[in-house]
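Visitor: What follows is a structure written as structure tokens; I'll ask about it next.
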Amino acid sequence: MTEPAPLRVALITGAARGLGRAIAEALAAQGVALVLVDILADRLETTRAELATQGANCTAFTTDIAIKANCTAAVAYAIATYGQLDILINAAGLMRFNHATDVPEDEFWRIMQVNAAAPFFLAQAAIPHLLASAGNIVNVLSQSALMGTAYIVPYSMSKAALLQLTKSLAVEYAEQNIRINAVAPGAMMTEISTGTRPPADADYAKIKRYSGTRPPAEAAQVAAVVAFISSPAASAVHGAIWPADCGVTAG
Ligand SMILES: NC(=O)c1ccc[n+]([C@@H]2O[C@H](COP(=O)([O-])OP(=O)(O)OC[C@H]3O[C@@H](n4cnc5c(N)ncnc54)[C@H](O)[C@@H]3O)[C@@H](O)[C@H]2O)c1
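Taking the working numbering, the leading residue of the sequence shown gets 892, the next gets one more, and so forth.
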């Protein structure tokens, strides 16, 4: 008789919808228990209930990760619920189109808080538990971390910061039994751009440079990459930035 695989527990931010939800589904298929985190309470509860109906072992924690104390509380909730944490997936994100000169200060800081600061504070809270479980972190970047992307300058800056969080943590924890990686998606047909449109006078040739020549990926295609990197099968992958952009950053 083979031993059952040990329980693995993942905390996924941005799990109410889009890529975060697709990652939750991919990890549930691997038998990973899930702590789903998002600011959208109703949407998160719907996702949790649907995943549970499909057989997932999952729980939900509604919070605004832009506040450090909420990041700490989310990790504490995961530990209180399951007693361990094996995987942290930083998938929550915020994007707004604007001319750089028109970006309001509050919009700039909100993007930085959600996309860059929250993953840092979540990692800060999670690392002691991930060291205990020989776990790992996967940060969801964007092709915007790897190339200049017009009209979304704060977003691009925030994703570049998340890239350096990934690499710098990987170096700081080089000797320890923890893996820290990132996946950099290109366009997916999700709701991140709902409520934001390029400026009316935008030069679309500049947007086309990062729109790609292939159709946008399905969230499930990118989620499969994240799920692989977070799995024991990727045990040699540490400090990696893995594009999943259908070739956009190839040049
Ligand atoms: N869709 C794309 O084209 C694309 C391309 C590259 C990278 N990405 C990245 O993929 C990730 C997932 O985005 P998506 O495409 O699924 O979009 P999405 O908008 O559907 O998902 C983002 C999720 O993050 C949550 N979120 C935002 N602010 C939050 C906060 N303060 N606290 C808690 N949760 C918060 C949202 O409620 C939402 O559920 C993001 O990091 C995004 O930057 C997306």
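Just so it is clear, CB atoms sit at the ideal spot from N, CA and C, and this is done for glycine as well.
In whole angstroms, what is the alpha-carbon distance linking A1073 and A1007?
Guide: Sequence index remark: in the sequence shown, residue 1073 carries index 182 (1-based). Sequence index remark: in the sequence shown, residue 1007 carries index 116 (1-based). Whole-angstrom Cα-Cα distance: 13 Å.
Visitor: Could you check if R875 is buried or exposed, using at least 16 other CB atoms within 10 Å of its CB as the buried criterion?
Guide: The displayed coordinates of the chain run from 892 to 1142. Any statement about residue 875 would go beyond what the structure contains.
Visitor: Relative to the C-alpha of T963, which residue among A907, A1016, M1080, G1039 is closest?
Guide: Walking along the sequence shown from the start, residue 963 turns up at place 72. The shortest C-alpha separation from T963 is found at A1016.
Visitor: For a test of the three-state rule: what should DSSP assign to R1105, helix, strand or coil?
Guide: As a first step, residue 1105 is located in the sequence shown; it is residue number 214 there, counting from the start. Of the three classes helix, strand and coil, the one that applies to R1105 here is coil, per DSSP.
Visitor: Give a single yes or no on whether M1228 has its beta carbon closer than 7 Å to a heavy atom of ligand 1.
Guide: Residue 1228 is absent from the structure shown; the chain starts at 892 and stops at 1142.
Visitor: Nearer than 7 Å: is that true of the beta carbon of M1003 relative to any heavy atom of ligand 1?
Guide: For the purposes of this step, residue 1003 is identified with residue 112 of the sequence shown, where counting begins at 1. Every heavy atom of ligand 1 is 7 Å or more from the Cβ of M1003, so no.
Visitor: Can you give me the start and stop residues for the alpha helix (DSSP H) that L898 sits inside?
Guide: Against the sequence shown, residue 898 aligns to sequence position 7. Taken as a continuous stretch (DSSP letters only), L898 belongs to no alpha helix (DSSP H), as it is neither H nor E.
Visitor: Rounded to the nearest angstrom, what separates A920 and N948 at their Cα positions?
Guide: Along the sequence shown, one-based indexing puts residue 920 at 29. Along the sequence shown, one-based indexing puts residue 948 at 57. When rounded, the distance between both Cα atoms is 10 Å.
Visitor: My output table needs one value for V923: the three-state DSSP class, helix, strand or coil.
Guide: Translated into the one-based positions of the sequence shown, residue 923 becomes position 32. Residue state, collapsed to three classes: coil.
Visitor: Would you say E1082 touches ligand 1, meaning its beta carbon is less than 7 Å from a heavy atom?
Guide: Indexing the sequence shown from 1 puts residue 1082 at position 191. Yes - ligand 1 has a heavy atom lying nearer than 7 Å to the Cβ of E1082.
Visitor: When we look at the beta-carbon of D929 and count the other beta-carbons within 10 Å, is it buried (16 or more) or exposed?
Guide: Counted from its first residue, the sequence shown places residue 929 at position 38. It is buried - the Cβ of D929 has at least 16 other Cβ atoms within 10 Å.
Visitor: Quick one: Cα of P995 to Cα of A1124, how far?
Guide: The residue you call residue 995 lines up with position 104 of the sequence shown. The residue you call residue 1124 lines up with position 233 of the sequence shown. One C-alpha to the other measures close to 44 Å.
Visitor: Does the separation of the CB atoms of P1045 and F999 fall below 8 Å?
Guide: If you number the sequence shown from 1, residue 1045 lands on position 154. If you number the sequence shown from 1, residue 999 lands on position 108. For P1045 and F999, yes; Cβs fall inside 8 Å.
Visitor: Do you know whose CA, among R899, Q975, D1092, I1132, lies nearest S1059's CA?
Guide: The residue labelled residue 1059 in the question sits at position 168 within the sequence shown. Answer by Cα proximity: I1132.
Visitor: What would DSSP say about F840, mapped onto helix, strand or coil?
Guide: Nothing can be reported for residue 840: it is not among the residues displayed for the chain, which extend from 892 to 1142.
Visitor: Whose CA, out of T904, L979, L1022, V1029, lies closest to the CA of I1120?
Guide: Locating residue 1120 in the sequence shown gives position 229, where the first residue counts as 1. It is V1029.
Visitor: In the structure shown, what three-state DSSP assignment does L1021 receive?
Guide: If you number the sequence shown from 1, residue 1021 lands on position 130. DSSP places L1021 in helix when its eight states are reduced to three.
Visitor: With a threshold of 7 Å on Cβ separation, who are the neighbours of V1139 within its own chain once the five nearest residues in sequence on each side are excluded?
Guide: The residue labelled residue 1139 in the question sits at position 248 within the sequence shown. If we look at V1139 and ignore the five residues flanking it on each side, its Cβ neighbours are Q1034, G1077, Y1101, G1103.
Visitor: At what residue ranges does the segment 1035 to 1079 contain a whole run of the alpha helix (DSSP H), taking only runs of 4 or more?
Guide: Qualifying alpha helix (DSSP H) stretches, in chain order: 1044 to 1063.
Visitor: Could you tell me the distance, in whole angstroms, from the CA atom of A940 to the CA atom of A913?
Guide: In the sequence shown, counting from the first residue as 1, residue 940 sits at position 49. In the sequence shown, counting from the first residue as 1, residue 913 sits at position 22. A940 and A913: Cα-Cα distance of roughly 15 Å.
Visitor: Buried or exposed: which applies to R1105, given that a residue is buried once 16 or more other Cβ atoms fall within 10 Å of its Cβ?
Guide: Taking the first residue of the sequence shown as 1, we reach residue 1105 at position 214. Exposed, since its Cβ has fewer than 16 Cβ neighbours within 10 Å.
Visitor: Is any heavy atom in ligand 1 found nearer than 7 Å to the beta carbon of I930?
Guide: To locate residue 930, count along the sequence shown from 1; it is residue 39. Checking every heavy atom of ligand 1 against the Cβ of I930, one is found closer than 7 Å.
Visitor: Let's test the definition: count the other Cβ atoms within 10 Å of the Cβ of Y973 and tell me whether it reaches 16, buried, or not, exposed.
Guide: What you label residue 973 is simply residue 82 of the sequence shown in a count that begins at 1. Its Cβ being crowded by 16 or more others within 10 Å, Y973 is buried.
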